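K.L.:
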Amino acid sequence: DTEVTQTPKHLVMGMTNKKSLKCEQHMGHRAMYWYKQKAKKPPELMFVYSYEKLSINESVPSRFSPECPNSSLLNLHLHALQPEDSALYLCASSQPPGWDRANTEAFFGQGTRLTVV
Amino acid sequence: QKEVEQNSGPLSVPEGAIASLNCTYSDRGSQSFFWYRQYSGKSPELIMFIYSNGDKEDGRFTAQLNKASQYVSLLIRDSQPSDSATYLCAVNIPSGAGSYQLTFGKGTKLSVIP
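For the protein sequence lines, the chains are A and B, in the order given. If you count the first sequence from 1, position 2 lands on 890 in my numbering, and the numbers rise without skipping. If you count the second sequence from 1, position 59 lands on 1485 in my numbering, and the numbers rise without skipping.
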């Protein structure tokens, strides 16, 4: 099973709302990622959790707050977003790079299409 | 600067031809190299990964890695219209303290003409 499941698939939220994106994997991976992708651009890394600890935060504004409750789940809490935050938000998982040179393939969920109005 | 470079294309090839996609990376400490295919509006799909110098073949796809030249490529044989997509090169680049960061190139848009 190489599936990463993200919910919801689509989300429209106002600038004063609070919402959460959810991601789940059951591949036994110990690294999970949030990426943001704008149209016609490559995915941009936001956060990396390795062994349930935040290992990389790519200077993301505090209106995005990640959470990793356990090794299978990853959340992204959203608050007071701006229209320019509208994008496709991708979750991915892999074995932590560096743990083993091989077997570090990252698999992506289908993404959440977020629109901020 | 940690970078992964790709030609953005578009790359157009006729159906049945070989499509050649190229990628270079700047950090010699990089390990693990991946090719993802992304259709418009969809998430990236892993199609090939390579860890060692040389060629790796999987069906119509061949990944080639040359660490001395810091170069990784993807060949698609017998290209089909369904191969038309954006191909993203991704590299695990060292980010300090034993961590690595999966970094993407900007992607090459491939069009296979029937």
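Positions of the beta carbon are idealized from the N, C-alpha and C atoms, including for glycine. For clarity, every value in this text was computed on a predicted model and none was experimentally measured.
Name, in chain order, the residues that DSSP records as bridge partners for I1476 (chain B).
P.N.:
B:F1459
K.L.:
State yes or no: is the beta carbon of P957 (chain A) nearer than 8 Å to at least one beta carbon in chain B?
P.N.:
Taking Cβ atoms only, chain B never reaches closer than 8 Å to P957 (chain A), which makes this a no.
K.L.:
For T904 (chain A), which residues from the same chain have a beta carbon less than 8 Å from its beta carbon, with the 5 sequence-adjacent residues on both sides left out?
P.N.:
A968
K.L.:
So which residues on chain B does F935 (chain A) lean against when the C-beta distance must stay under 8 Å?
P.N.:
Correct list: empty, because the minimum Cβ distance to chain B is about 11 Å.
K.L.:
Residues of chain A with CB closer than 8 Å to the CB of K1532 (chain B), please, in chain order.
P.N.:
K929, P930
K.L.:
Check whether the Cβ of F995 (chain A) lies closer than 8 Å to any Cβ atom in chain B.
P.N.:
Using beta-carbon distances, F995 (chain A) counts as an interface residue toward chain B, with a partner under 8 Å.
K.L.:
Please state whether the Cβ-Cβ distance between V1430 (chain B) and T1512 (chain B) is less than 8 Å.
P.N.:
no
K.L.:
Name the chain B residues whose beta carbon is nearer than 8 Å to that of Y921 (chain A)?
P.N.:
L1528
K.L.:
Which same chain residues end up closer than 7 Å to L1500 (chain B) when comparing Cβ atoms and leaving out the 5 residues on each side of it in sequence?
P.N.:
L1447, W1461, M1474, F1487, A1489, Y1513
K.L.:
In chain order, what residues of the same chain lie with their CB nearer than 6 Å to the CB of S1434 (chain B), ignoring the 5 residues before and after it?
P.N.:
Here the set comprises K1532.
K.L.:
Could you list which residues in chain A have their beta carbon closer than 7 Å to that of L1536 (chain B), in chain order?
P.N.:
Neighbours of L1536 (chain B) on chain A: none; closest Cβ ~14 Å, over 7 Å.
K.L.:
Of all the CB atoms in chain A, is at least one closer than 8 Å to the CB of F1487 (chain B)?
P.N.:
no
K.L.:
Could one say the Cβ of F1459 (chain B) lies closer than 8 Å to chain A's Cβ atoms, at least one of them?
P.N.:
no
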